[in-house]
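S.K.: Handing you a structure now.
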Amino acid sequence: IHHLKQVRITGKFNGAVGNYNAHYFAFPNLNWIDISQSFVEKRLGLKFNPYTTQI
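Reading the sequence shown from the start, the letters are residues 1 to 55 in full-length UniProt numbering.
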């Protein structure tokens, strides 16, 4: 239990394969990496994972 409590759950807010294509298509002038990191860490309370895949 002690070790499980130390695991930080990660989160992402990018596309299914780890990119921001749909985000940039809708709002190309925004910094989606910074927005995603802020949302995941501050609003969700998770550790931001910038490198994600579909697997």
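All C-beta atoms, glycine included, are put in the ideal place defined by N, C-alpha and C.
Report all residues from its chain with a CB closer than 8 Å to the CB of ALA16; omit the five preceding and five following residues, and keep chain order.
M.R.: GLN54
S.K.: Considering only residues of the same chain and omitting the five flanking positions on each side of LYS12, which have a CB-CB separation below 6 Å?
M.R.: ASN49 and THR52
S.K.: In this structure, does DSSP put PHE48 in helix, strand or coil?
M.R.: strand
S.K.: Would you mind stating whether ASN14 and SER38 have Cβ atoms separated by less than 8 Å?
M.R.: One thing to note: ASN14 has its Cβ no nearer than 8 Å to the Cβ of SER38.
S.K.: Measuring CB to CB, does LEU46 end up less than 8 Å from ILE9?
M.R.: yes
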